[in-house]
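Heads up, the thing below is written out as C-alpha cells.
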Amino acid sequence: MANVGIVIVSHSPKVAEGAADMVRQMVGDEVPLAWAGGNPTGGLGTSFEAITDAIHRAWSDAGVAILVDLGGAETNSEMAIEMLPEDKRGRVVVCNAPIVEGAVIAATESSGGASLDTVRSTAEELSP
Amino acid sequence: MTAAQDPAGHRTAERGPIDTQTKRRLIVAVADTVVAHFEELTALDASIGDGDHGHNMKRGFEAILQDLDALSAMDLPELLKAVGTKLVMKVGGASGPLYGTLFLALGKELPAEPTRREAAAAFASAVAAVRARGKSEAGQKTMLDVLIPVAEALASGGDLAALKRTATIAAEATVPMRATRGRASFLGERSIGHMDPGARSSSLMIAAFCDEWGA
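Here the protein sequences come in this chain order: E and W. The first sequence runs 106 to 233 under this note's numbering. The second sequence runs 40 to 254 under this note's numbering.
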C-alpha cells in the first residue's frame with residue numbers, strides 16, 4: 106500500500122524547505138515529499154508551475170495532500186489540481202490546516218499507511 | 040472587417056470578425072496600461088496587502104506582450120485561453136489564478152465572432168468562475184467589486200462609456216469597504232480607506248479595453 110504524498114506550499118522558499126526538513130526528520134524517506142516556495146522569479150509568492158511540479162514529484166497512487174500558508178498558495182494549488190490529468194485530479198487535496206504542524210501530522214499519518222481522507226482530516230483537526 | 044459605425048463614428052457592438060490588427064491593438068492597450076500602472080498597483084497593495092500586485096501583473100502582461108504576434112493571429116477563444124494560461128503561469132500570487140480563470144473562462148464561453156449578447160453572457164460566466172476560484176462574493180473588497188457591476192452593466196446594454204464609468208466608480212467604491220477576503224482581510228478595520236489593488240487593476244484593464252475598442 107502506497108503512502109500518501111505530502112506537498113508543502115509557502116510564499117517563502119525558506120519556510121517551505123524548512124517545514125519539509127521537519128517532516129523528513131519525523132518520517133524519514135518512506136513518505137513522498139516535495140515543496141514549492143516563491144513566485145515565478147524566486148521572490149516571495151507562489152508559482153503555479155512550481156506547485157504542479159511538486160505534486161508530480163510527491164506523486165503517490167494513494168494521493169497527495171497539500172499544505173499551504175496564505176491565500177495565493179491556496180488559490181494556485183487549487184488551480185494546479187484542476188489542471189492535472191483527469192486520472193490524478195481527484196486524488197489531490199488542499200488541507201485547511203496550519204502549514205508546519207499540518208505537514209508534520211499529515212506525514213506522520215501517511216507514514217502509518219493512512220488513506221488520503223484520514224491524512225487530510227487529521228491535519229484539519231489542527232484548525233480551530 | 041465589416042465594422043458598422045454609429046453616427047458618432049464609433050463602431051457599434053454588432054460587427055464582423057475581429058481582425059488581427061484589432062486584436063493586436065486591444066492586447067497592447069490592456070497590457071501597456073497594466074505595465075504603466077505597476078507602481079501605483081504596488082503602492083495600493085503595499086498599503087493593505089503584501090505589496091507585490093504591481094510587479095506580479097507587470098510580469099504577466101510583459102510575458103503576454105512578448106507573444107503578441109502569435110496571440111494576435113489566434114481566433115478569439117484561443118487568444119483568451121492563451122492569455123489566461125500565461126497569466127496563471129507568470130503572475131504568481133492569488134491574482135495569477137484569478138485573472139487566469141477570468142480569461143480562460145472567457146475563452147471557453149465566447150464564440151470566435153460573438154454578438155453583444157454572447158459577449159455579455161460569456162463575461163457573466165467568467166465572473167462567476169472568478170467568484171468560485173476566489174470563494175468570494177461582492178462587498179469583500181476585491182476585484183469582484185468591479186467585475187460584478189461591469190457584468191451587470193454589460194448585461195443591461197450599457198455602452199462602452201457606461202462600462203468604463205461603471206468600472207471606475209466601482210473601484211472607487213472599494214475605498215470605504217472593509218476587506219473580508221484576501222490578504223487585506225488580515226488588517227480588519229485598517230483596510231478601510233484604501234482602494235483595493237485588484238479592483239483597481241480590473242478597472243484599469245476594462246477602461247483600457249473600452250477606450251481602444253471605441254477608438
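By construction, the Cβ of each residue, glycine as well, lies at the ideal position given by its N, Cα and C atoms. Predicted model, so just to flag it, every value in this text is computed and none were measured.
Taking a cut-off of 8 Å for Cβ pairs, the region 200–219 of chain W and the region 167–174 of chain W do not touch, as fewer than three such pairs fall below it. In the structure shown, E/W140 adopts extended strand secondary structure according to DSSP, grouped into three states. Exposed is the label assigned to W/V214, since fewer than 16 other Cβ atoms lie within 10 Å of its Cβ.
Taking C-beta separations shorter than 8 Å and ignoring five residues to either side along the sequence, the partners of W/S242 in its chain run V185, A206, T207, A209 and A210, following chain order. Against chain W, the CB of E/N108 has no partner CB under 8 Å away; the residue lies outside that interface. Beta bridge pairing from DSSP links E/G110 with E/V169. Looking at the DSSP output, E/C200 bridges to E/L172.
Exposed is the label assigned to W/T154, since fewer than 16 other Cβ atoms lie within 10 Å of its Cβ.
The beta carbon of W/K125 lies closer than 6 Å to those of A102 and I103 in the same chain, with the five residues before and after it left out. In the structure shown, E/S115 falls within a strand segment according to DSSP collapsed to helix, strand and coil. Contact between W/G99 and W/K129 is confirmed by a C-beta separation of about 4 Å, below the 8 Å threshold.
Residues of the region 133–150 of chain W that bring their beta carbon within less than 9 Å of a beta carbon in chain E comprise A133, S134, G135, P136, L137, G139 and T140, in sequence order. In chain order, G131 make up the part of chain W whose C-beta sits under 7 Å from the C-beta of E/S152.
Two segments are said to touch when three or more pairs of C-beta atoms, one from each, lie closer than 8 Å; by this definition the region 110–118 of chain W does not touch the region 169–179 of chain E. For E/T227, the closest Cβ of chain W is not nearer than 8 Å.
Residue range T59 to A75 is occupied by the alpha helix (DSSP H) that includes W/Q60. Along the region 192–221 of chain E, none of the residues has a CB nearer than 8 Å to a CB of chain W. Boundaries of the alpha helix (DSSP H) around W/I103: H92 to Q105.
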